[in-house]
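In what follows, a single structure is set out as structure tokens and then discussed.
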Amino acid sequence: MRHRTDPLVTFGLISVTAIVLLSTFFAPDPASFVRDRYDLLGILLVSAVAQRRGTKAAILFAIAASALLVAISGLQTSFSPHSGDLLVDIFVFLNIALLQGVQTGRLRKRELAAEENGRRMSLLSRLSERLVPTGPPSAVSESLQELGQLMKATRTSLLLPDGNGNPVPQGADAAEWFSQRPAALALASRVFHRCAEWDGVDPCRPEQDDPSEGESGGAAVPLASASGPLGVLHVGEPLGGGRYKAAELDFLGVTAEVIAAYLEREQLQKAVAEAAATESSNRLKSSLLSSLSHELKTPLAAVTATITGLLEEGAADDPQMREELLSATDDLRLLEHRIGDLLDVSRLEGSGWAPNLDWNDPRDICSEVLAHVPASSRPRITCRFQPELPIMRFDLVHLSRALYHLVENALAYAPSGTPVVLGGSSSADGVRFWVEDSGPGVRPEEKELVFEKFHRGEAGSTVPGGTGLGLTIASDIVRYHGGCIRIEDVKPQGARFVIELPREPQGE
Amino acid sequence: MSDAQRAGNAKTRVLVIDDEPQILRALRSILSRSYSVELAASGEEGLQFAAENPPDLVILDLTLPGVTGMEVCRSLREWLKAPILILSVRDNEADKISALDLGADDYLTKPFSAGELLAHVRALLRRAGNVSDKPGSVRSGDLVVDLAQRKVFRDTETVKLTRIEYTILATLAVNADRVVTSGMLIKSVWGSASAEDSRTLRVHISNLRGKTEADSSVPRHVVTEAGVGYRFVTESV
Chain C
1 MRHRTDPLVT FGLISVTAIV LLSTFFAPDP ASFVRDRYDL LGILLVSAVA
51 QRRGTKAAIL FAIAASALLV AISGLQTSFS PHSGDLLVDI FVFLNIALLQ
101 GVQTGRLRKR ELAAEENGRR MSLLSRLSER LVPTGPPSAV SESLQELGQL
151 MKATRTSLLL PDGNGNPVPQ GADAAEWFSQ RPAALALASR VFHRCAEWDG
201 VDPCRPEQDD PSEGESGGAA VPLASASGPL GVLHVGEPLG GGRYKAAELD
251 FLGVTAEVIA AYLEREQLQK AVAEAAATES SNRLKSSLLS SLSHELKTPL
301 AAVTATITGL LEEGAADDPQ MREELLSATD DLRLLEHRIG DLLDVSRLEG
351 SGWAPNLDWN DPRDICSEVL AHVPASSRPR ITCRFQPELP IMRFDLVHLS
401 RALYHLVENA LAYAPSGTPV VLGGSSSADG VRFWVEDSGP GVRPEEKELV
451 FEKFHRGEAG STVPGGTGLG LTIASDIVRY HGGCIRIEDV KPQGARFVIE
501 LPREPQGE
Chain F
509 MSDAQRAGNA KTRVLVIDDE PQILRALRSI LSRSYSVELA ASGEEGLQFA
559 AENPPDLVIL DLTLPGVTGM EVCRSLREWL KAPILILSVR DNEADKISAL
609 DLGADDYLTK PFSAGELLAH VRALLRRAGN VSDKPGSVRS GDLVVDLAQR
659 KVFRDTETVK LTRIEYTILA TLAVNADRVV TSGMLIKSVW GSASAEDSRT
709 LRVHISNLRG KTEADSSVPR HVVTEAGVGY RFVTESV
């Protein structure tokens with residue numbers, strides 16, 4: 001690598017060389033060869049060579065200069081008896097020249113390294129300024145170009161993961177370049193997956209391909225972030241051939257960190273924007289739901305009040321009329337529950353709902369459930385709650401609703417008139433509720449499916465009514481409490497739906 | 509109210525404030541047999557009618573547009589002593605509690621039956637009629653709360669209650685058939701609504717039920733109003 005020589009040094013060299021040469025040729029005795037002057041000149045020249053061409057060149061020059069001096073002195077003295085002194089002098093010269101050459105060469109190397117570092121720092125600083133969220137979209141490609149120039153690479157590219165988690169070159173010409181260099185793509189893929197797997201020491205450091213094994217794949221470093229690699233930074237092999245030095249690979253690693261930080265920031269910004277959009281969509285859904293709720297409930301309330309008003313009034317005197325009005329009242333109650341189910345499902349499946357946790361007596365669930373069950377079915381239900389159930393934090397309104405759905409389900413599927421038991425007891429880490437019937441039970445393959453929306457089960461075709469949403473609502477409510485729900489078999493026949501609630505509900 | 513009573517007194521005046529014409533129609537139809545009913549279609553109208561012609565009972569929908577139900581409740585309570593029954597919707601416990609704290613006396617969740625409405629209205633008017641003295645004793649089925657003697661009987665047996673249990677029961681009994689929020693109960697026992705948390709209250713209520721109910725899982729006297737508070741029930745709806 002060339003290095004600019006200090007103009008002062010150049011001037012010094014030229015003037016000394018001129019003086020020495022002039023003094024030799026125009027001296028009183030041109031035959032006298034003042035070797036000392038040439039020794040000093042030789043050392044200066046070795047220095048200059050070391051500065052321009054490095055230590056190796058300087059050493060070669062020193063040896064050549066020594067040989068030249070030996071030749072000239074020998075010729076001058078015709079290899080006389082003083083040649084022993086001559087050899088010592090030349091030997092001393094050679095040593096001094098070599099020392100001077102090596103020292104100057106090292107200095108030069110350090111200066112070169114410092115300059116190189118300066119260029120790299122300057123590039124990193126420019127990258128940091130350019131790779132900001134408000135920066136131009138071409139920021140990354142410009143940065144890659146500059147990096148390529150600095151490292152003298154054949155090509156610099158960015159690879160980002162596709163849907164399958166494999167790094168893919170960005171840009172049509174990058175894709176073409178990589179398609180002709182399978183080794184490069186293989187290297188990029190390797191470093192990406194190794195970083196993703198996090199095994200081994202420092203899995204996300206730069207790696208260089210070995211050109212001795214055929215065509216070189218260049219060097220690549222994964223763009224690492226807290227959540228794994230975001231992509232790969234790849235540089236083709238050096239323009240002059242060969243390999244990158246360790247310092248260059250380290251620099252590549254540092255550059256990758258800057259780019260990774262930029263990509264991560266971009267990702268975060270995108271996530272924030274998406275969350276804001278979801279939030280506003282949820283708010284819209286909420287306000288739609290609440291206005292829908294009002295629209296549906298108002299006519300329902302009016303009709304319920306009117307029909308039940310007729311019953312109170314004495315339209316009840318005619319037994320048939322009374323019968324029909326009572327039947328209409330039951331239908332209205334059913335309608336109320338169905339509308340309630342639809343609204344519950346929308347509310348629970350959106351992300352805005354959270355249980356209203358408060359200290360409550362689990363045994364209150366019994367009367368809550370019974371209040372919602374039609375009067376004609378209440379005699380079938382038995383509450384079996386342990387007397388010493390602990391006061392716990394849960395949403396009484398909604399948990400009662402969940403158990404109401406389990407009871408409604410049991411009432412529908414168990415043969416008419418058969419008992420349904422609603423129970424509660426302490427468990428190791430909380431409370432257990434269950435609803436048991438002596439109906440047909442639930443087949444093993446349906447035990448998970450029944451909780452899905454609109455699933456009606458095998459027996460469903462024979463059982464009228466029902467939205468197929470009740471069990472979904474129940475399981476959602478239980479999930480929001482951090483609990484779980486399962487179905488057990490009852491001997492000789494029937495099903496027991498069991499809810500386990502932890503003492504510390506997850507809603508908090 | 510018996511026919512004789514109805515004939516004897518000037519009809520009790522009920523003011524209904526609701527923005528939905530169907531609801532107003534239905535309520536008038538149910539109430540006009542026993543009471544003189546005035547209808548207001550908005551909060552502003554309701555406040556105006558109440559000021560011109562003070563009613564004996566107000567039925568107020570919480571979901572009013574414009575001047576909200578909550579604001580009407582607060583304004584009325586500044587000068588009106590008559591009971592206020594609020595109409596609310598399902599899953600709106602927070603609003604119900606706020607309205608009760610602002611001075612409403614009870615609530616009904618839509619849709620409600622005519623029977624429920626009339627029972628609530630009767631209970632509120634009964635209480636309003638006895639505004640000067642507390643009832644001497646209150647009965648719920650086989651349970652009698654003698655407020656004068658501070659004693660509680662089940663059939664004829666005296667029930668031994670702790671001071672706190674008695675205070676809770678007495679507060680509920682004085683407000684028989686009307687909801688008392690958990691906050692109000694805590695205040696009546698411990699002096700301020702934030703003095704104790706609801707956990708302590710639930711424990712005492714559980715103990716109280718153990719002593720006064722035949723089956724604690726299905727209480728008949730001290731009934732839970734989920735998410736809101738409790739009610740001492742003297743008549744079946």
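Chains C and F are the protein sequences, given in the same order.
Following the numbering used here, the numbering of the first sequence begins with 1 at its first residue and continues without gaps.
Following the numbering used here, the numbering of the second sequence begins with 509 at its first residue and continues without gaps.
The beta-carbon is built from N, C-alpha and C at its ideal position, and this holds for glycine as well.
Query	Result
Examine chain F for any beta-carbon lying closer than 8 Å to the beta-carbon of residue 383 (chain C), and answer yes or no.	yes
Tell me the rounded alpha-carbon separation between residue 183 (chain C) and residue 190 (chain C).	10 Å
Near residue 38 (chain C), what residues of its chain come up, given a Cβ to Cβ distance below 8 Å and the 5 sequence neighbours on each side ignored?	20, 69 and 72
Give the single residue among C:224, C:167 and C:217 whose Cα lies nearest to the Cα of residue 195 (chain C).	C:224
Any idea if residue 67 (chain C) is buried or exposed, counting beta-carbon neighbours within 10 angstroms, 16 or more meaning buried?	exposed
Anyone know if the C-beta pair for residue 310 (chain C) and residue 325 (chain C) falls short of 8 Å?	yes
Express the C-alpha separation of residue 43 (chain C) and residue 24 (chain C) in angstroms, rounding to a whole number.	18 Å
Using 8 Å as the threshold, is the C-beta distance between residue 433 (chain C) and residue 396 (chain C) below it?	no
Does the CB of residue 553 (chain F) have a neighbour CB from chain C at under 8 Å?	no
Under 8 Å, with one C-beta from each stretch per pair, do the stretch 673-685 of chain F and the stretch 630-638 of chain F reach the 3-pair mark?	yes
Between C:357, C:380 and C:96, which has its C-alpha nearest residue 411 (chain C)'s C-alpha?	C:380
Look at residue 694 (chain F) and residue 709 (chain F) and say whether their C-beta atoms are less than 8 Å apart.	yes
Grab me the residues of residue 504 (chain C)'s own chain with a C-beta within less than 7 Å of its C-beta, minus the 5 sequence neighbours each way, in chain order.	none
Whose C-beta lies closer than 7 Å to the C-beta of residue 662 (chain F) among residues of the same chain, with five residues either side of it excluded?	650, 651 and 720
Compute the Euclidean distance between the alpha carbons of residue 198 (chain C) and residue 228 (chain C), then round it to the nearest angstrom.	9 Å
Alpha carbon to alpha carbon, how far is residue 341 (chain C) from residue 334 (chain C)?	10 Å
Ignoring anything shorter than 3 residues, give me the beta strand (DSSP E) runs that lie fully in the stretch 163-244 of chain C, in order along the chain.	167-169, 219-225 and 228-235
For residue 413 (chain C) versus residue 430 (chain C), is the C-beta distance shorter than 8 Å?	no
Considering only the alpha carbon of each residue, which of F:546, F:726, F:595 and F:675 lies closest to residue 570 (chain F)?	F:595
Using a Cβ-Cβ cut-off of 8 Å, state whether residue 294 (chain C) counts as contacting chain F.	yes
When the Cα atoms are used, what is the spatial distance from residue 118 (chain C) to residue 48 (chain C)?	24 Å
Can you list, in chain order, the residues of its chain whose CB lies under 8 Å from that of residue 320 (chain C), leaving out five sequence neighbours each side?	none
In or out: residue 405 (chain C) buried (at least 16 other Cβ within 10 Å) or exposed?	buried
Among C:252, C:368 and C:111, which one has its Cα closest to the Cα of residue 422 (chain C)?	C:368
Would the beta-carbon of residue 441 (chain C) be found less than 7 Å away from any heavy atom of the ligand MG?	Looking for the ligand MG in the displayed structure turns up nothing, as the structure carries no ligands at all.
Listed in chain order, which residues of the stretch 529-558 of chain F have Cβ atoms closer than 8 Å to some Cβ of chain C?	530, 531, 533, 534, 535, 537, 538 and 541
Within the 8 Å Cβ cut-off, does residue 745 (chain F) reach chain C?	With a pLDDT of 43 at residue 745 (chain F), under the threshold of 50, the modelled position of this residue cannot be trusted; read the value that follows with caution. Not one chain C Cβ lies under 8 Å of residue 745 (chain F).
By how many angstroms is the C-alpha of residue 366 (chain C) removed from the C-alpha of residue 134 (chain C)?	59 Å
Taking Cβ-Cβ distances below 9 Å as the criterion, which residues of the stretch 605-635 of chain F are in contact with chain C?	618, 619, 620, 621, 622, 623, 624, 625 and 626
Taking contact to mean 3 or more Cβ pairs, one atom from each stretch, closer than 8 Å, check whether the stretch 262-277 of chain C and the stretch 235-249 of chain C are in contact.	no
Short check: CB of residue 226 (chain C) to CB of residue 206 (chain C), under 8 Å?	no
Any beta-carbon of chain F closer than 8 Å to the one on residue 368 (chain C)?	yes
Express the C-alpha separation of residue 283 (chain C) and residue 193 (chain C) in angstroms, rounding to a whole number.	40 Å
What residues match up with residue 515 (chain C) in a beta bridge as DSSP calls it?	Outside the displayed span of chain C (1 to 508) sits residue 515 (chain C), for which this structure offers no information.
Between residue 673 (chain F) and chain C, is there a C-beta pair that is closer than 8 Å?	no
Give me the chain F residues within the contact set of residue 363 (chain C), using Cβ-Cβ distance strictly less than 7 Å, ordered along the chain.	724 and 725
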